[in-house]
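Residue numbers for the sequence shown follow this note's numbering, beginning at -16 and rising by one.
A virtual CB, placed ideally from N, CA and C, is assigned to each residue, including glycine.
Every value quoted in this text rests on a predicted model; they were computed, and no experiment measured them.
See structure below.
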Amino acid sequence: MSDQLQFHVEGGWTAARRGRVEAKGVEQPIDFSAPPEFRGEAGFWTPEHFLIAAAASCFITTFRAIAEASRFDPVSLHISAEGVVEKREGGYEFTQVVLRPRLTIRDETDRQRAARLLEKTEQACLVSRSLKSTVSMEPRIELAGAQIAPPGLELAEAQK
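Okay, structure coming up:
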């Protein structure tokens, strides 16, 4: 596996405070809204749900990989995840994410090993470890109705 991986999604505004995100090769796009607390519509996934779901799903897939590598075969793993958002000086931010995995094992003799594997998973989970990562922006503003050059061409044209 490469030292660097890239993942790409496309998203857009669809109506009011709703939108849709999708990824090439992924069967289902996801419709979302701002949360009702931010004047969004109830009944939709929100960016806040996405963040907590990313942490939960990453934990599950990471545990599965670590368990397989360790030849550990649990009965099941279920996780409940909760995120706390608080208003801070610069705006709202997640101040806490709590993951509550519930691991079912086959035998009491597996308890210590299961606990170690859960600790390894907590330390290895990519999403959880990345939550304070840098986010940058590369904006592009376009004029409605204007013919748009393919990405990269606008720089070449400007240099002529």
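Query: Alpha helix (DSSP H) segment containing residue 63, residue limits; Result: Segment 59 to 71 is the beta strand (DSSP E) holding residue 63; no alpha helix (DSSP H) there.
Query: Pair within 7 Å by beta-carbon distance, residue 43 and residue 28; Result: no
Query: Buried or exposed by the 16-neighbour rule on C-beta atoms within 10 Å, applied to residue 33; Result: exposed
Query: Burial state of residue 119 (16 or more Cβ within 10 Å); Result: exposed
Query: Contact set for residue 141: own chain, Cβ-Cβ below 6 Å, skip 5 residues either direction; Result: Caution is warranted here: a pLDDT of 46 is assigned to residue 141, below 50, making its placement in the model unreliable, and no coordinate value can be reported.
Query: For residue 109 and residue -14, the rounded distance between their alpha carbons; Result: 14 Å
Query: Residue 62 vs residue 84 beta-carbon contact at 7 Å; Result: yes
Query: Under 7 Å between C-beta atoms of residue 98 and residue 45; Result: no
Query: Own chain residues within Cβ distance below 7 Å of residue 86, not counting five before or after; Result: 57, 60, 97, 101
Query: Own chain residues within Cβ distance below 7 Å of residue 39, not counting five before or after; Result: 62, 64, 82
Query: Exposed unless 16 or more other CB atoms sit within 10 angstroms - verdict on residue 92; Result: exposed
Query: C-alpha gap between residue 78 and residue 19, whole angstroms; Result: 20 Å
Query: Helix, strand or coil at residue 10 [DSSP, three-state]; Result: coil
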